[in-house]
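**Q**
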Amino acid sequence: MSLLPDPHAPLTEADAAAAFAAILDGGPSDEEIATFLTLLSERGETAIEIAAAAAAMRERMIRVEAPAGAIDVCGTGGDG
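The sequence shown begins at 13 in the working numbering and counts up by one.
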């Protein structure tokens, strides 16, 4: 499956869901993923594509149980 059948046309909901599922499940190579994301960025992502990416991540997330009122006080470590 090509992640982006037509680089100039928006993905359908089904194609977007399949592409992000494949990426998150480890199917495509790093190069294929980089090309896909670069082309999406260059032409502009659609709301359908963004929603499909979010849905794919939610389907694979690991829910964390925490007490009410708990907060995360740790950063990502990327701020120097």
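Cβ atoms here follow ideal geometry from the backbone N, Cα and C, with glycine treated the same way.
Since the structure is predicted, the reported quantities are computational estimates derived from the model, not experimental observations.
Residue range of the alpha helix (DSSP H) that A29 falls in?
**A** Its alpha helix (DSSP H) spans residues 25 to 36.
**Q** Whose C-alpha, out of E25, P22, D37, is nearest the C-alpha of E71?
**A** If we check each option's Cα against that of E71, D37 comes out closest.
**Q** With a threshold of 8 Å, are at least 3 pairs of Cβ atoms found where one atom belongs to the stretch 23 to 38 and the other to the stretch 56 to 75?
**A** They touch, by the three-pair rule.
**Q** Does the distance from the CB of I62 to the CB of P22 come in under 9 Å?
**A** No. Outside cutoff.
**Q** For R75 and H20, which I take to be in contact (beta-carbon distance under 8 Å), what is that distance rounded to the nearest angstrom?
**A** About 38 Å separates the two Cβ atoms, so there is no contact after all.
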